[in-house]
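**Student:** Quick note, in the UniProt record's numbering, the sequence shown goes up one by one and the last residue is 298. Each residue gets a CB set at the ideal place from its N, CA and C atoms; glycine is no exception.
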Amino acid sequence: MARYKKLSGYDVLFSTGTDEHGQKIVSSAEKINLTPIELADKVVLKFKNLWPILNIKYDDFIRTTEPRHIKVVQEIFNKLYEKGDIYKGEYEGWYCVPCETFWTETQLTDKICPTCGKKIGKIKEESYFFKMSKYQDQILSYFEKHTECIKPETRRNEIISFVKGGLKDQSITRTKKSLKWGIDVPFDNNHVIYVWYDALLNYITVAGYNADNEKFEKYWPADVHLVGKDILRFHTVIWFTMLMAAGIELPRMVFAHGWWTIEGEKMSKSKGNVVDPYEMAEEFDADAFRYFLMREVS
Numbered sequence: 001m002a003r004y005k006k007l008s009g010y011d012v013l014f015s016t017g018t019d020e021h022g023q024k025i026v027s028s029a030e031k032i033n034l035t036p037i038e039l040a041d042k043v044v045l046k047f048k049n050l051w052p053i054l055n056i057k058y059d060d061f062i063r064t065t066e067p068r069h070i071k072v073v074q075e076i077f078n079k080l081y082e083k084g085d086i087y088k089g090e091y092e093g094w095y096c097v098p099c100e101t102f103w104t105e106t107q108l109t110d111k112i113c114p115t116c117g118k119k120i121g122k123i124k125e126e127s128y129f130f131k132m133s134k135y136q137d138q139i140l141s142y143f144e145k146h147t148e149c150i151k152p153e154t155r156r157n158e159i160i161s162f163v164k165g166g167l168k169d170q171s172i173t174r175t176k177k178s179l180k181w182g183i184d185v186p187f188d189n190n191h192v193i194y195v196w197y198d199a200l201l202n203y204i205t206v207a208g209y210n211a212d213n214e215k216f217e218k219y220w221p222a223d224v225h226l227v228g229k230d231i232l233r234f235h236t237v238i239w240f241t242m243l244m245a246a247g248i249e250l251p252r253m254v255f256a257h258g259w260w261t262i263e264g265e266k267m268s269k270s271k272g273n274v275v276d277p278y279e280m281a282e283e284f285d286a287d288a289f290r291y292f293l294m295r296e297v298s
């Protein structure tokens, strides 16, 4: 998409990157006797080495451990706290480590994660919450007025149905007793910021939020977020309401693509049922492999 637009004469800012915080990173690092940042550095290098092989030319590679991103995350957290849209409470519920996702009792069957199919655990701890419920009517109104903001339409209908079911306030921190690897809450050293709240803000970091106003005015709002269907809810419900609370324009469109599957199951880093992209690119060349990926996504 970025290549096509550039060839068509558009000024394109194409970003990609890695979200590097959360319990999943800690657990994976411990298994191979690395620190979380050491593991992240290794994975980032693999991605950066792969992109030229696949002829993928990005304009910015953002890591959520970078100082520029940490600054944006803490600024937005402060802004929403001062506005009264973030408050301290207690979270009790279910949490999936591989997906880094909170679930309610009613969303679960046999304590299995609806996304990855793995067993999940119950946690109870102090937490800061984002008043997502406050923005339910506003986001529904936005969806009605901006019919092209989520594509394809089937996914848009799923999100609207989810929001109409009622939004609950979102837990957005973990205590350092349970997780130390994350961005510190700027005014409370006992908490780190929830990985999804942190990671979603990468888009405005790349666009220059509060660092380069001219760049931000030029490239934001984003024309397209291209995401997997399994993370669409994060990118339309949590992300959109966060931006509404912060007074920042919403991206013009979020397009949710499908999955690549192995024997009918989603390819997943957590499950390990993946193919080696280096081997595929070497055997079939980059153009053929990219075409296959576009054609076969479910």
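(1) Take the Cβ of I70 as the centre, count every other Cβ of all protein chains shown within 10 Å, and call the residue buried at 16 or more, exposed below.
(2) Go to L226, then tell me how far its beta strand (DSSP E) extends in each direction, as first and last residue.
(3) Any contact of the region 192 to 206 with the region 164 to 184, i.e. 3+ C-beta pairs under 8 Å?
(4) Tell me whether D184 sits in a helix, a strand or coil according to DSSP, three-state version.
(5) If I'm right that E296 touches W260 with Cβ under 8 Å, what's the distance once you round it to whole angstroms?
(6) Check whether the Cβ atoms of E58 and F14 lie closer than 7 Å to each other.
(7) Cβ atoms of V72 and Y209: under 7 Å apart, would you say?
(8) Relative to the C-alpha of E282, which residue among L54, I150 and D137 is closest?
(9) Mind reading off the beta-carbon distance from E90 to S133? Whole number of angstroms is fine, and I expect it under 8 Å.
(10) Taking contact to mean at least 3 C-beta pairs separated by less than 8 Å, is the region 145 to 159 in contact with the region 241 to 258?
(11) If we ignore side chains and look at the alpha-carbon of each, how far apart do F77 and Q170 end up?
(12) Please confirm whether R155 and A256 have their CB atoms less than 7 Å apart.
(13) I'd like the list of long-range same chain contacts for N273, defined as Cβ closer than 7 Å, with 5 residues on each side in sequence excluded.
(14) For R155, which of helix, strand or coil comes out of DSSP?
(15) Is E90 helix, strand or coil by DSSP?
(16) What do you get for R233, buried or exposed, if any count of 16 or more other CB atoms within 10 angstroms of its CB means buried?
(17) Suppose you measure from the CA of K131 to the CA of S178; what does that come to, to the nearest Å?
(18) Below 7 Å CB to CB, which residues in the same chain sit around T236 once its five sequence neighbours on both sides are set aside?
(19) What are the residues that DSSP puts in a beta bridge with W103?
(20) With a threshold of 16 other CB atoms inside 10 Å of the CB of residue 301, please say whether the residue is buried or exposed.
(21) Check this for me: beta carbons of I112 and W94, under 7 Å apart or not?
(22) Count the other C-beta atoms from every protein chain shown that fall within 10 angstroms of the C-beta of D285, then say buried if there are 16 or more, exposed otherwise.
**Tutor:** In short, the structure shows the following:
(1) The residue is buried, with at least 16 neighbouring Cβ atoms inside 10 Å.
(2) In the DSSP assignment, L226 falls within the beta strand (DSSP E) that extends over H225 to G228.
(3) Taking a cut-off of 8 Å for Cβ pairs, the region 192 to 206 and the region 164 to 184 touch, as three or more such pairs fall below it.
(4) Secondary structure of D184 (DSSP, three-state): strand.
(5) 7 Å
(6) Residue identity differs from the one stated: residue 58 is Tyr in this sequence, not Glu. Yes. Within cutoff.
(7) yes
(8) L54
(9) At roughly 17 Å, the Cβ-Cβ gap does not stay under 8 Å, so E90 and S133 are not in contact.
(10) yes
(11) 13 Å
(12) yes
(13) Counting only Cβ-Cβ distances below 7 Å, and skipping sequence neighbours, we find I262, E265 and M267.
(14) Helix at R155.
(15) strand
(16) buried
(17) 23 Å
(18) Cβ neighbours of T236 beyond the five flanking positions: I150, I159 and V254.
(19) W94
(20) In the structure displayed, the chain extends from 1 to 298; residue 301 sits before or after that span and is not available.
(21) no
(22) exposed
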